[in-house]
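See below for the structure under consideration.
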Amino acid sequence: MKLLAFLSVFIFNTVSSQYQGFQDRRERYCTYGDNMYRHGQVVTLPRSPCATFRCDYNTLRLITQECVDRKGQCKRVGERWTESCVSYICQTKKRNNRQEYQAVISNMLCTDSNEQCRQPGTRFPFRIGSRVYRSCTCRTWLDNLTQKIKYFC
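Below, the structure is given as structure tokens:
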């Protein structure tokens, strides 16, 4: 009987210490998809190329974040840039108790037949198919955060 009690305690303690060792290892790593990261490791995840995270035991914590432009480049908060006659600014706002980073359109211009940016309302050459019209104008607006441009010739 004493031998059985000893074996029970020995087996329980062995299994318990193995489980504790497993728990300790798990708490020193963060997992994301098929990847494991060590405690303290700083990583960038494929779905968030402009955000860095630190593995804090078993939790990935956000440490920096920026906006992403259409080419996949990171932009700091407050930074301005222009792509294809559309100007953007990187802004952050709080939503559902979280900070969101987004590229907000600050100005839209029209594109003439020579790929030059033109102010809406001014006259400029514009190509439709193979024909270039000499005196066209345009109007720009946002529709559900989608840029819209209409040309008039």
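In case it helps, the UniProt record's numbering puts the sequence shown at residues 1 to 153.
Every residue, glycine too, gets a C-beta built ideally from N, C-alpha and C.
Return the first residue and the last residue of the beta strand (DSSP E) that residue i is part of.
i       : result
Gln-102 : 98-108
Asp-112 : Careful: Asp-112 lies outside any beta strand (DSSP E) and carries neither H nor E.
Gln-91  : 86-95
Cys-136 : 131-143
Pro-125 : 124-128
Gln-147 : 146-152
Which value, in whole angstroms, describes the spacing of the CA atoms of residue i and residue j?
i           : j       : result
Thr-92      : Arg-80  : 13 Å
Glu-66      : Trp-141 : 26 Å
Ser-84      : Asn-144 : 20 Å
Asp-56      : Arg-28  : 8 Å
Cys-30      : Asn-97  : 24 Å
Thr-59      : His-39  : 9 Å
Gln-23      : Leu-109 : Annotation note: pLDDT 46 at Gln-23 (below 50); position unreliable, coordinate value reported separately. Each residue's Cα considered, the two are about 58 Å apart.
Val-86      : Ser-106 : 8 Å
Val-42      : Glu-115 : 42 Å
Cys-117     : Thr-111 : 5 Å
residue 160 : Arg-134 : There is simply no residue 160 to check, as the chain begins at 1 and stops at 153 in what is shown.
Arg-139     : Gly-33  : 46 Å
Gly-129     : Thr-137 : 17 Å
Gly-21      : Met-36  : Residue confidence is low: Gly-21 scores 40 on pLDDT, short of 50, so the model does not pin down where it sits. Its coordinate-derived value is still stated next. Cα to Cα, Gly-21 sits roughly 17 Å from Met-36.
Lys-75      : Arg-54  : 20 Å
Thr-82      : Lys-150 : 20 Å
Arg-123     : Val-132 : 13 Å
Ser-113     : Pro-125 : 6 Å
Thr-146     : Val-104 : 10 Å
Leu-62      : Lys-148 : 34 Å
Ala-51      : Gln-119 : 35 Å
Gly-121     : Arg-127 : 17 Å
Per the DSSP calculation, residue i is bridged to which residue(s)?
i      : result
Val-77 : According to DSSP, Val-77 bridges with nothing at all.
Should the stretch 37-47 be regarded as contacting the stretch 67-77, the criterion being three or more beta carbon pairs within less than 8 Å? no
Report the start-end ranges of each beta strand (DSSP E) in the stretch 29-74 that is 3 residues or longer and not cut off at the edges. 29-32, 35-38, 42-45, 48-56 and 59-65
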